[in-house]
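**Student:** Here it is, the structure, as structure tokens.
Spelled out as structure tokens, the structure:
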């Protein structure tokens with residue numbers, strides 16, 4: 039059942055007053071201890087840490103609060119699915135990889151999504167994935183089949199591609215009535231494919247590892263993977279990704295790691311809403327608020343890591359995601 043949007047937007051208006059906003063840039067100029075004290079004074083993360091070195095505990099607590107907010111206040115199932123379901127695909131992959139590699143699943147799983155970790159673990163242990171969403175069920179079965187095939191040598195990337203393709207298919211199907219969220223899923227899938235194609239050593243590898251859940255075509259990915267930057271840009275001449283491809287070409291030619299392209303991809307949802315933030319309507323304020331909370335936590339993690347490592351102020355700011 040859809041939530042009362044007037045009430046929900048009132049709740050969000052109050053919660054927005056606790057967002058960090060411009061404080062994030064000031065944090066880049068401070069010490070890790072000063073940032074920790076500032077967060078403690080405002081009760082961030084329910085004071086779940088005792089020092090800056092325990093920043094992960096602080097962030098984990100705030101992320102749990104955000105998860106509970108999404109579970110309780112998501113206007114429809116589409117928003118809840120978009121923000122929480124990706125964890126199910128990650129966690130199922132982690133449990134399966136742990137089983138077949140002998141690793142520790144507890145060190146690889148993310149916080150719970152829509153499906154309890156205990157349920158995913160039971161499915162993997164019993165090799166019975168009935169009851170899971172169809173896309174997740176098929177991904178689990180395909181991954182197990184590949185890992186069990188003695189005639190094939192499966193690597194982590196192979197398993198990763200299986201779950202990435204399934205995740206994006208699930209998101210685009212689940213959000214098909216929500217044009218905003220579906221467009222986000224499509225853009226993320228396309229940008230991920232573009233970056234992967236620039237990194238690929240061969241055209242075959244680019245296509246074998248592509249998600250292909252968006253609007254980017256196989257022909258465009260092949261033009262990228264042939265190594266000619268001008269041809270890659272030309273292939274996207276009439277595409278909304280032309281400027282993004284130009285950034286990737288610059289990263290490739292300079293020998294950088296595509297970190298800038300990844301920041302653009304990871305900020306695509308927030309960037310698409312910030313320009314009309316005063317005109318958001320219906321379910322959009324909820325989506326925008328959750329995206330900002332997620333981005334702030336990601337940026338806080340970057341800030342703590344960099345400050346504790348002694349990274350210079352401007353270099354930290356250059357690493358931040360859009361808020």
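In the numbering used here, the protein residues as written are 39 to 361.
Beta carbons: idealized from backbone N, C-alpha and C, even for Gly.
1) Have a look at 107, 90, 44, 260 and flag the residue whose alpha-carbon is nearest the alpha-carbon of residue 332.
2) DSSP three-state label for residue 103, please.
3) Tell me which residues share the same chain as residue 226 and place their Cβ nearer than 7 Å to its Cβ, disregarding the 5 neighbours each side in the sequence.
4) Can you tell which of 186, 188, 231 has its C-alpha closest to the C-alpha of residue 244?
5) Among 233, 273, 257, which one has its Cα closest to the Cα of residue 294?
6) Let me make sure I understand the geometry here. Which of 123, 195, 290 has the alpha-carbon closest to that of residue 172?
7) On the CB-based measure, 16 or more other CB atoms within 10 Å of its CB, does residue 362 come out buried or exposed?
8) Take residue 273 and list the residues in its own chain whose beta-carbon comes closer than 6 Å to its own, dropping the five residues that flank it on each side.
9) Helix, strand or coil, according to DSSP, for residue 296 in the structure here?
10) Could you tell me the boundaries of the alpha helix (DSSP H) in which residue 52 lies?
11) Using alpha carbons as the reference points, say which of 66, 267, 60, 43 lies closest to residue 349.
12) So, helix, strand or coil for residue 167, using DSSP?
13) Go through its chain and collect everything with a Cβ distance to residue 39's Cβ below 8 Å, but skip five positions before and after it.
14) Measuring CB to CB, does residue 222 end up less than 9 Å from residue 174?
15) By Cβ distance, which residues of its chain are closer than 7 Å to residue 323, with the 5 residues on each side in sequence left out?
16) How is residue 63 classed by DSSP in three states: helix, strand or coil?
17) Closest by CA to residue 104, which one among 358, 129, 149, 78?
18) Is the beta carbon of residue 137 less than 9 Å from the beta carbon of residue 163?
19) Taking three-plus beta-carbon pairs below 8 Å as touching, is the stretch 57 to 64 in contact with the stretch 336 to 355?
20) Would you mind working out which of 299, 263, 266, 264 sits nearest residue 279, comparing C-alpha positions?
21) Between residue 270 and residue 283, which are expected to be in contact by the criterion C-beta below 8 Å, what is the C-beta distance as a whole number of angstroms?
22) Roughly how many angstroms separate the alpha carbons of residue 327 and residue 183, rounded to a whole number?
23) For residue 268 versus residue 241, is the C-beta distance shorter than 9 Å?
24) Enumerate, from N- to C-terminal direction, the unbroken alpha helix (DSSP H) stretches of 4 or more residues contained entirely within the stretch 179 to 217.
25) According to DSSP, is residue 57 part of a helix, a strand, or is it coil?
26) Measure the alpha-carbon distance for residue 133 versus residue 247 and round it to whole angstroms.
27) Would you report the Cα separation of residue 321 and residue 44, rounded to the nearest angstrom?
28) If we count the other Cβ atoms within 10 Å of its Cβ and call it buried at 16 or more, is residue 166 buried or exposed?
**Tutor:** Straight from the coordinates:
1) The sequence position of residue 332 within the chain shown is 294, counting from 1. It is 107 whose Cα lies nearest to the Cα of residue 332.
2) Sequence index remark: in the chain shown, residue 103 carries index 65 (1-based). Reduced to three states, the DSSP call for residue 103 is helix.
3) Counted from its first residue, the chain shown places residue 226 at position 188. Closer than 7 Å at Cβ, skipping near neighbours: 303, 306.
4) Here residue 244 corresponds to residue number 206 of the chain shown, with the count starting at 1. Of 186, 188, 231, the residue nearest in Cα terms is 231.
5) Indexing the chain shown from 1 puts residue 294 at position 256. Minimum Cα distance to residue 294 is reached at 233.
6) For the purposes of this step, residue 172 is taken as residue 134 along the chain shown, with counting starting at 1. The shortest C-alpha separation from residue 172 is found at 123.
7) What the structure shows of the chain is the stretch from 39 to 361, and residue 362 is not part of that stretch, so it cannot be assessed.
8) Within the chain shown, the letter at position 235 stands for residue 273. Within the same chain, residue 273 has close Cβ partners 258, 261.
9) The residue you call residue 296 lines up with position 258 of the chain shown. If DSSP states are grouped into helix, strand and coil, residue 296 belongs with coil.
10) On the chain shown, position 14 is the one that residue 52 refers to. Here the alpha helix (DSSP H) through residue 52 covers 43 to 54.
11) Your numbering for residue 349 matches position 311 in the chain shown. When each option's Cα is compared against that of residue 349, the closest is 66.
12) The sequence position of residue 167 within the chain shown is 129, counting from 1. Three-state DSSP puts residue 167 in coil, outside helix and strand.
13) The residue you call residue 39 lines up with position 1 of the chain shown. At residue 39 the pLDDT is 45, less than 50, meaning the model places this residue with poor confidence; the figure from the coordinates comes in the next sentence. There are no such residues.
14) Within the chain shown, numbered from 1, the residue matching residue 222 stands at position 184. Within the chain shown, numbered from 1, the residue matching residue 174 stands at position 136. Going by C-beta atoms, residue 222 is not nearer than 9 Å to residue 174.
15) Taking the first residue of the chain shown as 1, we reach residue 323 at position 285. Excluding sequence neighbours, residue 323 sits near 47, 50.
16) The residue given as residue 63 occupies position 25 in the chain shown. Of the three classes helix, strand and coil, the one that applies to residue 63 here is helix, per DSSP.
17) Indexing the chain shown from 1 puts residue 104 at position 66. Closest by alpha carbon: 149.
18) Walking along the chain shown from the start, residue 137 turns up at place 99. Walking along the chain shown from the start, residue 163 turns up at place 125. Yes, the Cβ-Cβ distance between residue 137 and residue 163 is below 9 Å.
19) yes
20) Your numbering for residue 279 matches position 241 in the chain shown. Closest by alpha carbon: 299.
21) Taking the first residue of the chain shown as 1, we reach residue 270 at position 232. Taking the first residue of the chain shown as 1, we reach residue 283 at position 245. Contact holds; Cβ gap of about 6 Å.
22) Your numbering for residue 327 matches position 289 in the chain shown. Your numbering for residue 183 matches position 145 in the chain shown. Using only the alpha carbons, I get a separation of about 40 Å.
23) On the chain shown, position 230 is the one that residue 268 refers to. On the chain shown, position 203 is the one that residue 241 refers to. Their beta carbons are not under 9 Å apart, which means residue 268 does not touch residue 241 by this criterion.
24) 194 to 212
25) Against the chain shown, residue 57 aligns to sequence position 19. It is coil, neither helix nor strand.
26) Residue mapping note: residue 133 aligns to position 95 of the chain shown, counting from 1. Residue mapping note: residue 247 aligns to position 209 of the chain shown, counting from 1. Looking at the two C-alpha atoms, the distance is approximately 21 Å.
27) Taking the first residue of the chain shown as position 1, residue 321 is located at position 283. Taking the first residue of the chain shown as position 1, residue 44 is located at position 6. Distance between the alpha carbons of residue 321 and residue 44 is about 10 Å.
28) On the chain shown, residue 166 is found 128 positions in, with the first residue counted as 1. Its Cβ having fewer than 16 others within 10 Å, residue 166 is exposed.
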